[in-house]
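**Student:** Please read through the structure below; I'll follow up with questions.
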Amino acid sequence: MKRMVREGIEAGAIGFSSSPRGGPAVHAGTPSTFASQQEIIELANLAAEYGGCFQFNGFGNLLKPESGFPALVEKIRARMIGNEFRLRPGEKDDGPRAIAYMEEAKKKGKDIYGVVIPYQHIRRFGIEDCFFLEGLPTWEAIRKAPAGMRRQLEDQNVRRRLEEERIEGAGQPAFPEWLGWGRVVFERMEKTSLKSVEGKNAEEIARMTGKSPGDAFFDTWLQDDLRSRCIYLGSANGHEEILAEMIKSQRGLIGTDVGAHLDRFFWHGAPARVLGYWCREKKLFTLEEAVWKLTGFPASKLKLNRGLLKVGWPADITVFDPDTFEDLVSEELPEKVDAQEVRRHPPGMQAVVVNGKTVVEGGECMDIFPGKVTRQELCIPIG
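For the record, in the sequence shown the residue sitting at position 382 is 381 according to numbering that gives the first Met the number 0, with numbers rising by one throughout.
Structure, rendered in C-alpha cells:
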C-alpha cells in the first residue's frame, strides 16, 4: 500500500483519501472501512512527506471522541479535508463547534478543513416515505392499515394527534428537527386540476385556502389521492445563518458531491450559488473574496498551480457578469442530473477558458477539449 501511494503521488496525485469505519453508511462494507487506524495514519503521513493532503469521509465524527476520529487526526501530519461539513437535523450547534474545533487544531499545528455544499439539502417524499411523521405512534398505526389511510387522514382528531406527537417527539421519531410547514413543498401533482399547486409550500396553500398549514397539507394530499410528490427543504443545513458561518469560515472549502451521484441532484451549481446568492444577494463576501474562495483558496490547499492568473500557469479563466450570474436552482429540482441538466448554463456566464482555449462562449459549448489531468506540482519528498 505504501508503494502504491508513493507511486501515485510521484505521478502527480494530490494526496491520499479514505472512508474510515464510522463514515457514511453508503460506504459500509467497502475496502476502506476494513483498514485499521494505524494503516490509515501511515498512508496519510506518507502523503504528507510529499506535501500531499489526506481527504476523508465522516467529518461529523470529529466532534465525537467515541468515534475514534479525533484520535486518528491527532496522529496525522498531512493537511486534512473532511467530507461533508454539514448541519445534521437536530444538531445546529455542530456548525460553530466544528469551526471552533478546526481553529483549535490549527493552534496545535493541525491543518483541517471541512467541505461545505453551499445549499440547504432537500429530501423528496411521498405517502410511502413521509419521513417527518415516521416513528410517531399514530402514524405507525395508520401505516399498518393502509386500506383505511384516507379515512384516518380525513379525521380531525387523527390530525390533531399527529401534530401533538410531532411537537412532543412522541414514540421514536425518525426526524429530530422540524423547521415548519413552509419547508414542505408540493413538487408534483398527479391530477391536472391541481397543477397550480405545484411549487407551493403548505403555508402558502394554507393562506390561499384559509386553512391551517397542517390541514392544507393533508387536504391537498387527499385531493390528489395521496399520489403527490413533495420536497422538504432543509433536511440538512436547515439553519441558513449557521450555514453562512460555515461557508465564510477560513476552515470551510466549497464543494459538491455531484460527480459521485448522478442519480440524484447534488448541487453542481455550487460556484454560481456562492457568487450569485451568497455574495450578491446575502452580502456574505465581497466579489473578490467570493472569487478567491472558489479559486485560489482551494487550489492552495490542494497544492495545485491553479486559481490565479499568473505567468507560466495554465490559463483557466471564467468570464461572468457579477450582477446577473446565478445558479437557477429553485425548489423545482430535477429528479436526477441528466444530459440536459449538465448542459444548463447559468445566466451571466459569458465565457470559460481552459488551458488558454475558449470552451464555452455565449452560453454555448465549443467542440474542443483542451482539458488535461491536473497534477500536484510539488511531488518531491519534503525534508
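Every residue, glycine too, gets a C-beta built ideally from N, C-alpha and C.
Rounded to a whole number of angstroms, what is the C-alpha to C-alpha distance between E330 and E9?
**Tutor:** Note on E330: pLDDT 47, under 50, position unreliable in the model; no value is reported.
**Student:** Secondary structure at N82, three-state DSSP: helix, strand or coil?
**Tutor:** strand
**Student:** Using the Cα positions of L307 and D218, report the straight-line distance between them to the nearest angstrom.
**Tutor:** 55 Å
**Student:** Between the segment 79–89 and the segment 236–249, do three or more beta carbon pairs fall short of 8 Å?
**Tutor:** yes
**Student:** Give the DSSP-derived three-state secondary structure of K1 in the structure shown.
**Tutor:** helix
**Student:** Could you check if T137 is buried or exposed, using at least 16 other CB atoms within 10 Å of its CB as the buried criterion?
**Tutor:** buried
**Student:** To the nearest angstrom, how far is the alpha carbon of E280 from that of N82?
**Tutor:** 27 Å
**Student:** Along the chain, where does the alpha helix (DSSP H) containing I40 start, and where does it finish?
**Tutor:** 36–48 is the span of the alpha helix (DSSP H), which, as asked, contains I40.
**Student:** Taking C-beta to C-beta, are R78 and D110 nearer than 7 Å?
**Tutor:** yes
**Student:** Within a Cβ cutoff of 6 Å, which residues of the same chain sit near G22, ignoring the five residues on either side of it in sequence?
**Tutor:** N56, G57
**Student:** Does the Cβ of R345 have 16 or more other Cβ atoms within 10 Å, making it buried, or fewer, making it exposed?
**Tutor:** In the sequence as presented, Arg is not what sits at residue 345; that position holds Pro. P345 comes out buried.
**Student:** CB C278 to CB A271, shorter than 7 Å?
**Tutor:** no
**Student:** Would you call the segment 196–204 and the segment 175–184 touching, i.e. three or more CB-CB distances under 8 Å?
**Tutor:** yes
**Student:** Note down the Cα distance separating L301 from G233, rounded to an integer number of angstroms.
**Tutor:** 30 Å
**Student:** Considering only residues of the same chain and omitting the five flanking positions on each side of K29, which have a CB-CB separation below 7 Å?
**Tutor:** This sequence places Thr at residue 29; Lys is not what is there. Answer for T29: S18, listed in chain order.
**Student:** Check each candidate in K74, L62, G147, I80 and name the one with the smallest Cα separation from D92.
**Tutor:** Of the listed residues, the one whose Cα sits closest to D92 is L62.
**Student:** What are the partner residues of F53, as DSSP defines its beta bridges?
**Tutor:** F15, M79
**Student:** Could you check the C-alpha separation between I253 and G209 for me, to the nearest Å?
**Tutor:** Per the coordinates, the alpha-carbon of I253 lies some 42 Å from the alpha-carbon of G209.
**Student:** Along the beta strand (DSSP E) that carries T357, what are the first and last residues, could you check?
**Tutor:** 356–360
**Student:** Return the CA-CA distance between E167 and F174, expressed in angstroms with no decimal places.
**Tutor:** 12 Å
**Student:** Can you tell me whether V310 is buried or exposed, with buried defined as 16 or more other CB within 10 angstroms of its CB?
**Tutor:** exposed
**Student:** Is it buried or exposed for I98, if we count other Cβ within 10 angstroms and need 16 for buried?
**Tutor:** buried
**Student:** From the DSSP secondary-structure annotation, give me the bridge partner or partners of M348.
**Tutor:** F319.
**Student:** Taking Cβ positions, are N236 and H120 nearer each other than 7 Å?
**Tutor:** yes
**Student:** Tell whether a beta-carbon distance below 7 Å holds between E197 and M188.
**Tutor:** yes
**Student:** Over the uninterrupted beta strand (DSSP E) stretch that includes R123, give me the two end residues.
**Tutor:** In the DSSP annotation of this structure, the continuous segment of the beta strand (DSSP E) that includes R123 starts and ends at 121–124.
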